[in-house]
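Following: one structure in structure tokens, then a few remarks.
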Amino acid sequence: MTSTLKGITLKGSAELVAEFFSFGINSILYQRGIYPPETFTRVTHYDLSLLLTTDPKLKSYLTNVVSQLKEWLFECTVQKLVLVITCLETNEVLERWQFDIECDKSAKESSAPREKSIKTIQHEIRSVIRQITATVTFLPLLETPCAFDLLVYTDKDLVVPDKWEESGPQTIDQPEEVRLHSFTTSIHKVNSMVAYKKTESA
Amino acid sequence: MDLEDDTTILTTLKSFNSFISRPEHPQRLSEHSAGSGILQSQYKRSMELLEAAERVHSKNRYLQLDQEKKQMELSHKRARFELERAASDSARDLEHEVDRNQELLGQIKKLEERAEEVNKKLTEQKEANDALQKNLEGLNKTLEERDDKLGTANQTIRSLKDEIRELRQKIQNQDSKMSAQTLENQELQEKIDLQQRKYQEVSQLCQSLQAAQSSCSDHIIKIKELERRLVFQEQDFAIVKTVKSEVARVPDLEKELKRLRDDNAYLRLNTFLKENCSLLKEEVEGLRKKLERMEKTKEELINMELEKELHAWENLGQSTGLNIRKPEDLSREVIQIQQREIALKEQNYTLNSRVRSVERSQSELRAELTQQHSKTLEEQKKREAQDALVRRLQKRVLLLTKERDGMRAILESYDSELAPTEYSPQLSKRLREAEDILLKTQSHNAEMEAQLTKAQEETGTLKLQLQTVSEPALLNSVCACIFFLRQKIEDLERERQRLEEQNNILEMRLERHNLQGDYDPVKTRVLHLKMNPTAIAKQERQQEVEALRQEVTRLRDLVRSLQSGGAVGHSQDDTHNPSFSLSLAPSKEVLDLRKQMESSELRNQRLKEVFQRKIQEFRTVCYVLTGYQIDITTENQYRLTSVYAEHMDDSLLFKKGSNGSMQLMETEFSKTLGEMVALHLHHQKSIPAFLSAVTLDLFSRQTTV
């Protein structure tokens with residue numbers, strides 16, 4: 001894997017970013033309580049104790065999305081990944097976790113690996129995941145039963161694969177936005193932010 | 001040939017015309033001057049000329065006509081040829097056309113036949129069309145009928161749906177009422193239970209109260225006994241105390257007894273009481289004398305000590321060499337000494353302060369000293385360095401002087417060598433080259449200086465030009481240009497800034513929209529998996545909702561069936577599912593209660609009926625046997641009407657007094673029976689006799705009448 005090599009290749013960068021998304025999405029689902037906490041187990045990664053789901057349906061869905069995302073990252077055709085949390089009763093979008101991906105298109109398969117140590121990348125990823133955990137302090141409680149969806153913003157000329165369909169952007173109207181830290185593997189740069197619906201002050 | 005003839009004719013005509021025209025002019029001119037003779041000759045000439053002209057004309061015409069004839073003949077021939085050709089052509093064409101005609105005729109026939117056939121077919125098809133149209137009309141009619149039927153059916157369906165809705169609403173209302181009633185039932189039962197529990201508690205409390213009361217009375221008795229015992233005990237206690245005190249005294253008394261007995265014994269044993277006494281007395285006297293002596297010695301000692309002190313004081317005075325005789329002198333001396341001490345202390349303090357200041361100055365001076373030392377050291381170092389420099393410089397000077405001397409020697413040698421006209425060409429070349437270089441550099445220098453001066457002069461002139469007013473036009477134009485350019489620059493700058501601000505705002509907006517999740521549909525596309533958790537959750541929710549609705553409808557049906565079949569009996573309840581036992585249980589109780597109520601009501605009713613019947617029987621029997629119908633009009637008032645009463649209103653009123661005796665009241669009828677009243681009631685004081693008398697009287701009256 002990329003840990004044994006000295007530099008970051010395009011493939012390695014795509015794998016790192018996809019791995020980050022997998023762990024990030026799991027922690028968001030756990031923190032926001034979309035799935036019951038007893039369905040999560042602890043694993044260690046990035047020198048942090050992270051939670052992964054054990055629900056088989058959810059696992060298969062996430063692996064599908066993440067594997068497709070890895071392909072698209074390798075082709076540099078993906079622009080954003082958005083995790084949308086909707087309330088089931090009112091069909092309103094309550095929270096929107098948006099990850100902007102900037103790909104350096106000059107780095108192709110055959111170009112030389114770039115100099116960036118895995119440690120610094122992991123350190124940056126760690127800070128982002130810690131921030132995600134810390135958002136619990138200011139995000140409003142999700143009292144109603146909610147479900148989540150993963151949206152991917154890609155280039156227009158991309159071939160839509162099987163089982164994927166087009167959807168709307170599912171934005172929140174009049175949201176509160178908070179920008180989180182970003183990290184870069186020198187080929188892919190990921191900016192994170194969370195937008196949530198303002199709670200009606202009684 | 002014809003043409004030539006024409007041309008000759010034309011030329012002759014022209015010459016003739018010209019000739020004619022010429023003389024006409026002079027003729028006209030000379031009209032007035034010439035007489036008549038000229039006129040006549042002229043007229044003749046003109047006539048001749050005219051005739052000639054006419055001849056010429058006729059010749060011409062003739063020629064022309066000949067030509068024309070010839071042409072005509074030619075043309076005729078040609079025409080004939082052409083006509084013949086045309087005729088042949090037309091004959092051929094005719095033949096062709098005849099053939100064609102025949103063909104066409106044949107075709108026409110065929111077409112006519114076809115047309116006939118087509119017509120036949122047309123007619124047939126028209127007939128078929130008519131038939132089809134009729135069918136269509138029939139079908140349309142049936143369709144319309146069916147539409148009407150459908151419409152009516154729809155209306156019935158709508159009405160039925162409305163009815164269904166109304167029924168559902170009624171069902172809901174009844175359900176709510178039923179639930180409310182069940183709730184009330186439950187509440188009432190709970191209240192009943194509460195009341196029962198309270199009653200039980202109260203009864204228990206009563207029992208406990210009674211028990212407590214009995215125990216209380218027992219306790220009171222016990223307390224009284226105990227109080228009595230206490231009193232006794234206190235008395236005993238007081239007695240015991242006195243006894244104790246006396247008993248406590250007993251050992252002391254015993255001890256005293258013992259001592260006294262011992263003393264007595266001792267005293268009795270010692271027969272030398274008096275001797276002892278006298279001995280003791282002597283001892284006492286001796287001791288007293290000792291005491292006196294001791295006191296005396298004490299006084300002497302005190303005196304001695306005082307004298308010693310005085311001597312010491314006198315010695316002090318002598319030892320110190322001062323004029324001491326009295327303690328006042330001592331005190332004065334002491335004061336003086338103290339004053340000297342104070343002065344000495346002050347001196348000491350001042351000396352100390354001086355010492356400290358001196359020390360401080362000393363330390364400062366030491367610091368200065370060190371500084372000066374360091375400075376001197378530095379200056380020494382500098383001097384040394386400078387000395388070293390000086391030495392080096394001196395050495396260099398020496399070296400240089402030596403070099404110079406050497407060079408001078410070389411030069412002198414060269415000069416000495418140069419003197420015998422031996423110029424080495426290299427040196428000369430070098431010299432020349434050096435000189436050339438020098439010259440060049442000098443010239444270059446001069447040029448540069450000249451350029452510099454020129455440039456300076458130009459700038460000076462330009463400045464002068466700008467400043468001077470002698471050339472206003474150039475200045476103005478230049479100024480105007482400059483001004484115009486500056487304005488342009490400023491405008492462009494302003495626009496640029498505005499555009500930059502707009503750009504910034506738009507970029508901000510774009511970024512904000514990007515943050516919020518907007519995207520450019522031309523470049524990007526939003527994708528998600530079809531089977532995503534939100535869609536799955538929504539589907540599950542819908543399914544749950546539908547399942548719940550179905551359950552609700554099923555339960556409602558069950559409830560309705562239960563309500564309708566619940567009042568019948570328990571046997572039907574057993575046939576239902578045991579899972580509904582909970583819902584049946586309260587209805588069972590309700591049914592039991594209802595049955596109880598009904599049975600009690602029935603009983604009440606029956607009892608009422610029975611009582612009524614019995615009362616009725618009894619009254620009739622009374623009426624028949626006694627002959628009076630007794631009615632209760634108001635409280636304690638009884639109205640009696642006889643069997644043999646002549647009028648319906650004839651009645652006797654009796655009132656029940658407070659002591660239980662019956663009194664007759666005044667009525668119309670009673671006034672007529674005054675005698676009997678007086679006899680039976682006043683004298684005999686018997687109401688039954690009065691009543692029987694009245695009946696007998698009435699009976700007699702009846703029978704006679």
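In order, the protein sequences belong to chains H and Z.
Read the first sequence against the UniProt record's numbering and you will find it ends at 202, with the numbers running on by one and no gaps.
Read the second sequence against the UniProt record's numbering and you will find it ends at 705, with the numbers running on by one and no gaps.
Quick reminder that beta carbons are idealized off the backbone N, C-alpha and C, glycines included.
With DSSP as the reference, label N191 (chain H) as helix, strand or coil.
-> Taking the first sequence and counting its residues from 1, one reaches residue 191 (chain H) at position 191. Strand at N191 (chain H).
Which bits of chain C does L122 (chain Z) rub up against, with CB to CB less than 7 Å?
-> No chain C is present in this structure, whose protein chains are H and Z.
Compare the beta carbon distance of I129 (chain H) and F23 (chain H) with 8 Å and say whether it is the shorter of the two.
-> One-based indexing of the first sequence puts residue 129 (chain H) at position 129. One-based indexing of the first sequence puts residue 23 (chain H) at position 23. Cβ distance < 8 Å, so I129 (chain H) and F23 (chain H) count as in contact.
Any contact of the segment 171-190 of chain H with the segment 57-69 of chain H, i.e. 3+ C-beta pairs under 8 Å?
-> no
So, helix, strand or coil for L158 (chain H), using DSSP?
-> As a position in the first sequence, residue 158 (chain H) is number 158, starting the count at 1. Coil, per DSSP.
What whole-angstrom Cβ distance do D73 (chain H) and H181 (chain H) have, given they're in contact under 8 Å?
-> Sequence index remark: in the first sequence, residue 73 (chain H) carries index 73 (1-based). Sequence index remark: in the first sequence, residue 181 (chain H) carries index 181 (1-based). Residue identity check: residue 73 (chain H) is Leu in the sequence provided, not Asp. With a Cβ gap of about 20 Å, L73 (chain H) and H181 (chain H) do not count as contacting.
In whole angstroms, what separates the C-alpha of D47 (chain H) from that of V84 (chain H)?
-> For the purposes of this step, residue 47 (chain H) is taken as residue 47 along the first sequence, with counting starting at 1. For the purposes of this step, residue 84 (chain H) is taken as residue 84 along the first sequence, with counting starting at 1. Going by the C-alpha atoms only, they are around 28 Å apart.
Which residue's Cα is closest to the Cα of residue 206 (chain H): H:K198, H:Q131 and H:R114?
-> The question about residue 206 (chain H) has no answer here: the residues shown for chain H are numbered 1 through 202.
Pick from H:D162, H:D55, H:I25 and H:A112 that is closest to E38 (chain H), judged by C-alpha positions = Translated into the one-based positions of the first sequence, residue 38 (chain H) becomes position 38. It is H:D55 whose Cα lies nearest to the Cα of E38 (chain H).
Short CB-CB distance (under 8 Å) between K530 (chain Z) and chain H = Walking along the second sequence from the start, residue 530 (chain Z) turns up at place 530. At least one chain H Cβ lies under 8 Å of K530 (chain Z).
May I ask you to report which of helix, strand or coil DSSP gives M665 (chain Z)?
-> In the second sequence, residue 665 (chain Z) corresponds to position 665, counting from 1. Three-state DSSP puts M665 (chain Z) in a strand.
Cα-Cα separation between K197 (chain H) and L94 (chain H), rounded to whole angstroms = The sequence position of residue 197 (chain H) within the first sequence is 197, counting from 1. The sequence position of residue 94 (chain H) within the first sequence is 94, counting from 1. Cα to Cα, the separation comes out at about 5 Å.
Which of the residues in the segment 138-156 of chain H, read from start to end, lie with their CB under 9 Å from any CB of chain Z?
-> P145, C146, A147, F148, D149, L150, L151, V152, Y153, T154, D155 and K156
R96 (chain H) and V82 (chain H): beta carbons closer than 8 Å?
-> Against the first sequence, residue 96 (chain H) aligns to sequence position 96. Against the first sequence, residue 82 (chain H) aligns to sequence position 82. Yes, the pair counts as a contact, with Cβ atoms nearer than the cut-off.
Would Q31 (chain H) count as contacting chain Z if we go by Cβ distances under 8 Å?
-> Taking the first sequence and counting its residues from 1, one reaches residue 31 (chain H) at position 31. Not closer than 8 Å to any Cβ of chain Z, the Cβ of Q31 (chain H) fails to qualify, so no.
Anything in chain H within Cβ reach of Q451 (chain Z), meaning under 9 Å, just list it in chain order.
-> Counting from one through the second sequence, the residue named residue 451 (chain Z) turns up at place 451. The contacting residues do not exist; Q451 (chain Z) stays about 53 Å from chain H at best.
Do three or more CB pairs link the segment 142-149 of chain H to the segment 17-36 of chain H at distances below 8 Å?
-> yes
Cutoff 7 Å; reference S167 (chain H); Cβ partners in own chain excluding five residues on either side | Counted from its first residue, the first sequence places residue 167 (chain H) at position 167. For S167 (chain H), where only same-chain residues beyond five positions count, the Cβ hits under 7 Å are L151.
Taking only the alpha-carbon atoms, compute the straight-line gap between V284 (chain Z) and Y266 (chain Z) and give it to the nearest angstrom.
-> Translated into positions along the second sequence, residue 284 (chain Z) becomes position 284. Translated into positions along the second sequence, residue 266 (chain Z) becomes position 266. Cα-Cα distance, rounded: 21 Å.
Completely contained alpha helix (DSSP H) runs for the segment 189-235 of chain Z, where each covers 4 or more residues | none
How about S49 (chain H) and T133 (chain H): do their beta carbons lie closer than 8 Å?
-> In the first sequence, the residue the question calls residue 49 (chain H) occupies position 49. In the first sequence, the residue the question calls residue 133 (chain H) occupies position 133. Not a contact, by the Cβ cut-off of 8 Å.
According to the neighbour-count rule (16 or more other Cβ atoms, all chains shown, within 10 Å of its Cβ), is P533 (chain Z) buried or exposed?
-> Working through the second sequence from its first residue, we reach residue 533 (chain Z) at position 533. Buried, since its Cβ has 16 or more Cβ neighbours within 10 Å.
Pick from Z:L681, Z:G660 and Z:S661 that is closest to S670 (chain Z), judged by C-alpha positions = By 1-based counting over the second sequence, the position of residue 670 (chain Z) is 670. Residue Z:L681 is the option with its Cα nearest to S670 (chain Z).
Any C-beta of chain H sitting closer than 8 Å to the C-beta of Q543 (chain Z)?
-> Position 543 of the second sequence, counted from the start, is the residue given in the question as residue 543 (chain Z). Judged by the 8 Å Cβ criterion, Q543 (chain Z) is not in contact with chain H.
Interface flag, Q539 (chain Z) vs chain H, CB-CB below 8 Å = Working through the second sequence from its first residue, we reach residue 539 (chain Z) at position 539. Not closer than 8 Å to any Cβ of chain H, the Cβ of Q539 (chain Z) fails to qualify, so no.
So L681 (chain Z) is in the beta strand (DSSP E); what residue range does that whole segment cover?
-> Taking the first residue of the second sequence as 1, we reach residue 681 (chain Z) at position 681. Element bounds for L681 (chain Z): n/a, residue is neither H nor E.
Evaluate L16 (chain H) with the Cβ neighbour count: other Cβ atoms within 10 Å of its Cβ, from every protein chain shown; 16 or more gives buried, anything less gives exposed.
-> As a first step, residue 16 (chain H) must be located in the first sequence, where it is residue number 16. Buried.
Chain Z partners of T120 (chain H), CB-CB under 8 Å?
-> To locate residue 120 (chain H), count along the first sequence from 1; it is residue 120. Within 8 Å Cβ-Cβ: nothing; T120 (chain H) doesn't reach chain Z, min ~26 Å.
Between the CA atoms of E254 (chain Z) and L287 (chain Z) - distance to the nearest angstrom = One-based indexing of the second sequence puts residue 287 (chain Z) at position 287. One-based indexing of the second sequence puts residue 254 (chain Z) at position 254. About 36 Å.
Where does H123 (chain H) sit, in a helix, a strand or coil, going by DSSP?
-> Within the first sequence, the letter at position 123 stands for residue 123 (chain H). Helix, per DSSP.
Close-in-space but distant-in-sequence residues of the same chain around Q572 (chain Z) (CB under 7 Å, 5 per side omitted) | For this step, residue 572 (chain Z) is matched to residue 572 along the second sequence. Any reading at Q572 (chain Z) must be qualified, since the residue scores a pLDDT of 47, below 50, and its modelled position is unreliable; the value itself is stated next. For Q572 (chain Z), where only same-chain residues beyond five positions count, the Cβ hits under 7 Å are G565.
S658 (chain Z) vs R639 (chain Z) beta-carbon contact at 8 Å | In the second sequence, counting from the first residue as 1, residue 658 (chain Z) sits at position 658. In the second sequence, counting from the first residue as 1, residue 639 (chain Z) sits at position 639. Going by C-beta atoms, S658 (chain Z) is not nearer than 8 Å to R639 (chain Z).
Can you say whether H570 (chain Z) is buried or exposed, counting buried as having 16 or more other CB atoms within 10 angstroms of its CB?
-> Translated into the one-based positions of the second sequence, residue 570 (chain Z) becomes position 570. Any reading at H570 (chain Z) needs caution, since the residue's pLDDT is 49, under 50, leaving its predicted position unreliable; the model's value is listed next. Per the 10 Å Cβ criterion, exposed.
Count the C-beta pairs between the segment 543-550 of chain Z and the segment 97-108 of chain H that are closer than 8 Å, then say yes if the count reaches three, no if not.
-> no
Chain Z contact residues for residue 219 (chain H), given Cβ-Cβ distances below 7 Å | Given a span of 1 to 202 for chain H in the structure shown, any question on residue 219 (chain H) remains unanswerable.
Along chain H, in chain order, which residues have C-beta atoms closer than 9 Å to that of T524 (chain Z)?
-> Numbered from its first residue, the second sequence carries residue 524 (chain Z) at position 524. Simply Q79, K80, Y153, T154, D155 and K156.
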